[in-house]
Structures are given as C-alpha cells and as structure tokens.
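A.B. asks: Sharing a structure with you now.
In the working numbering, the protein residues as written are 144 to 298.
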C-alpha cells in the first residue's frame with residue numbers, strides 16, 4: 144500500500160463524492176480567471192468597467208459566503224450545495240450571451256454569491272460525513288483535488 148493510499152484510501156464514498164464535486168465546480172469556475180481578458184479583448188470594455196464587474200463578483204462572494212454559512216447553521220447543507228451548483232452552472236453557461244456592463248455586473252454578483260455559498264455548505268457536509276480524527280485528511284484531499292482541477296483547467 145502506497146503512502147497516498149494510506150492517507151486517502153480509507154475515506155467513505157461520500158467524502159470522495161463531495162471532494163470530486165468540488166473539483167468539478169472549481170474547473171467550471173476557472174472561466175472567471177479569464178473573464179477580465181474576455182471583457183477587454185472581445186467586448187472592448189474599459190478597465191474601469193471591468194473593475195466594476197470584478198467588484199460586483201467580490202461583493203457577491205462575501206454576501207454568499209456569509210449568508211450560506213448562516214443558513215447552513217440551521218438547515219441541510221446538501222440542498223444549499225445543490226442550489227449553488229445548479230444556479231452557478233446555469234449562469235456560467237449563460238455568461239457569453241450578455242453584452243452590457245449592467246448584465247455582467249449582475250451576473251458577476253450572482254456567480255460570486257453562489258460560488259462562495261457552496262463553500263460553507265461543503266464544510267458542513269464534510270464535518271457531517273467524517274469522524275473528527277479524519278477531517279484534516281479529508282480537507283487535504285479536498286485541497287489536492289482543487290489543485291488538480293486548477294492544473295487541468297489551466298491546461
């Protein structure tokens with residue numbers, strides 16, 4: 144048995160599914176790393192307009208993380224994760240159909256909201272499906288898969 148199998152091989156299927164879901168989610172979110180380039184090169188937005196879109200995204204991320212964390216304190220985190228993944232995926236698919244700064248700002252806010260809303264729900268879910276002594280390794284698996292996802296997305 145290799146060292147990797149010793150560390151990550153003992154997790155339940157639930158942990159693997161949660162972490163793989165995060166990896167796929169992160170792959171989709173890599174679109175946002177190139178959003179500013181798209182807005183400048185293809186739509187010829189000014190740098191000030193691009194900054195406003197990115198600010199909307201950041202404000203959405205702060206609001207989504209906070210509200211999702213509060214909601215997950217008293218509701219089921221799986222529903223929050225499903226909602227966040229579904230809405231975020233739909234918004235990312237629709238993103239190229241928008242052409243005005245107002246739409247990009249609004250969609251940027253919503254994407255940030257649902258992207259960051261996923262994280263507290265994920266953390267609650269991991270805490271529910273792992274024993275306390277396994278949580279550090281579960282978060283390590285999460286980080287390994289996120290880094291793998293970003294490596295694949297960047298080509």
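Each residue gets a CB set at the ideal place from its N, CA and C atoms; glycine is no exception.
In this text, all values refer to a predicted model and were calculated from it rather than measured experimentally.
Which same chain residues, not among the five before or five after residue 248, have their C-beta less than 7 Å away from its C-beta?
C.D. replies: Start at 1 with the first residue of the chain shown, and residue 248 comes out as number 105. Closer than 7 Å at Cβ, skipping near neighbours: 195, 196 and 199.
A.B. asks: For the alpha helix (DSSP H) that contains residue 163, what are its first and last residues?
C.D. replies: Taking the chain shown and counting its residues from 1, the one referred to as residue 163 is at position 20. First-last of the alpha helix (DSSP H) with residue 163: 156 to 172.
A.B. asks: May I have the straight-line CA-CA distance separating residue 207 from residue 223, to the nearest angstrom?
C.D. replies: What you label residue 207 is simply residue 64 of the chain shown in a count that begins at 1. What you label residue 223 is simply residue 80 of the chain shown in a count that begins at 1. Spanning the two alpha carbons is a distance of roughly 11 Å.
A.B. asks: Taking the beta carbon of residue 261 as the centre, do at least 16 other beta carbons fall within 10 Å, making it buried, or is it exposed?
C.D. replies: As a first step, residue 261 is located in the chain shown; it is residue number 118 there, counting from the start. Answer is buried; the Cβ neighbour count reaches 16.
A.B. asks: Pull up the distance between the alpha-carbon of residue 176 and that of residue 170, whole angstroms please.
C.D. replies: For the purposes of this step, residue 176 is identified with residue 33 of the chain shown, where counting begins at 1. For the purposes of this step, residue 170 is identified with residue 27 of the chain shown, where counting begins at 1. Each residue's alpha carbon lies about 11 Å from the other.
A.B. asks: Shortest alpha-carbon distance to residue 240 belongs to which of 264, 186, 157 and 256?
C.D. replies: Along the chain shown, one-based indexing puts residue 240 at 97. Ranking the options by Cα distance to residue 240, first place goes to 186.
A.B. asks: My output table needs one value for residue 188: the three-state DSSP class, helix, strand or coil.
C.D. replies: Taking the chain shown and counting its residues from 1, one reaches residue 188 at position 45. Here residue 188 sits in coil by DSSP.
A.B. asks: Can you give me the Cβ contacts of residue 165 inside the same chain, cut-off strictly under 7 Å, excluding the 5 residues immediately before and after it?
C.D. replies: By 1-based counting over the chain shown, the position of residue 165 is 22. Cβ neighbours of residue 165 beyond the five flanking positions: 265, 285, 288 and 289.
A.B. asks: Can you tell me the Cα-Cα spacing of residue 184 and residue 153, whole angstroms?
C.D. replies: Along the chain shown, one-based indexing puts residue 184 at 41. Along the chain shown, one-based indexing puts residue 153 at 10. Cα to Cα, residue 184 sits roughly 47 Å from residue 153.
A.B. asks: Could you check if residue 197 belongs to the surroundings of the ligand GDP, using beta carbon to heavy atom distance under 8 Å?
C.D. replies: You won't find the ligand GDP in this model; it holds no ligand whatsoever.
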